[in-house]
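Taken in order, the sequence shown gives residues 23 to 225; the numbers are from my numbering.
Idealized CB from N, CA, C, for every residue including glycine.
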Amino acid sequence: MTSRILWGYKEKPSSSGGFLNWMRSADDATPTFKSARKERHYTKRSMNLSRVVPIKRAAHVYLVQDGKLLLVTERMDDGSIFWGLPGGKADGGESLADAAVRQVKLETGLDVNDLEFVSLLEGEMLSGSKHHHYANFARFTARCSGEIAPTDPEVLGAHWIEVADVMNLVRYGPPPEVEERHPLIWIPTRDFLEGKARAYYPI
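Rendered as C-alpha cells:
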C-alpha cells in the first residue's frame, strides 16, 4: 500500500485534467478517456494496483490533568458505549493539527493550544468489513482551557478518567461488523500512559 493509492482512488476529472493530464503528458501513447469510470480504471491498472482502499485521516489528543485523561463517550450502532480520545476525522484540505483543535472543541467544548505531536498510526484497518479503510491517524498532546460542554451530537459526554482506570474501558476483542472502531487504536494510548510512546505505529 502506498500513497499512490490516494491518487487512483480520489482523483476526479476536471477542466484542467490535474494529475491524470500530467500522466498523459509523460506518455503520448496514453489513450484518452470517455468516462470517469474508465479513467479511474486505467489509473488503477497503470499503477499495478490490485485494489483501492478509502483513506481515513483523523487526529486525537491526549489531555492529561491531575493524573486523569480526558475521554469521550459515544453510543455505537450496536447500542454499546465506546470510550475514546477526543478528536476525529479531518476535513478535506485540513491539516491533522487543525483537525485536532476543531474536533476537540466540538466533542468537549474545550479550547486546546500548545499542540505537540506524539504518534502516527498508519495502515489498513477493519479489512473485510464495511468500515475497511487505510488509516492515517495522528496523536497529539496539548494544554486545554474552558468548560466541558460537548456540542457534537454523537458524543454523550466527556469525562476525566484516572489514568490507572483508562485501560479497563478498552475493548480488545474483534469489533462487530457494525462497529467502526478497532482495538488496535488503544495500543499507542497504553504506551503513552506508560511513558513508552513511539513516534510511528504501523497497523
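Can you give the beta carbon distance from residue i to residue j, rounded, assuming they're within the 8 Å contact cut?
i: K111; j: A157; result: K111 to A157, Cβ: 11 Å. No contact.
i: P108; j: Q125; result: 7 Å
i: G106; j: L118; result: Contact flag wrong, Cβ pair sits at about 16 Å.
i: V192; j: E96; result: About 14 Å; that fails the 8 Å criterion.
i: I183; j: L132; result: So it is not a contact: roughly 15 Å between Cβ atoms.
In its own chain, which residues sit with a C-beta less than 8 Å from the C-beta of residue i, not counting the 5 before and 5 after it?
i: L215; result: L91, V185, V188 and M189
i: E138; result: F162, T163 and A164
i: H155; result: V75, P76, I77, K78, E146, M147 and L148
Leaving aside the five residues before and after residue i along the sequence, list all residues of the same chain whose C-beta is less than 7 Å from its C-beta, in chain order.
i: L143; result: A157, F159, I207, P210, Y223 and I225
i: D136; result: A164 and R165
i: A51; result: At A51 the pLDDT is 40, less than 50, meaning the model places this residue with poor confidence; the figure from the coordinates comes in the next sentence. Excluding sequence neighbours, A51 sits near nothing in its chain.
List the DSSP bridge partners of residue i.
i: N158; result: R79 and E144
i: G179; result: T95
i: E138; result: T163
i: P172; result: DSSP lists no partner for P172.
i: E216; result: According to DSSP, E216 bridges with nothing at all.
Tell me which same chain residues have a C-beta within less than 6 Å of the C-beta of residue i, skipping the five on either side of it?
i: H82; result: L107, G109 and R161
i: A122; result: A81, V83, G109 and F162
Taking only runs of the beta strand (DSSP E) that begin and end inside the stretch 84 to 135, which ones reach a length of at least 3 residues, in chain order?
-> As far as the stretch 84 to 135 is concerned, its whole beta strand (DSSP E) runs of at least 3 residues are 90 to 97, 103 to 106 and 109 to 111.
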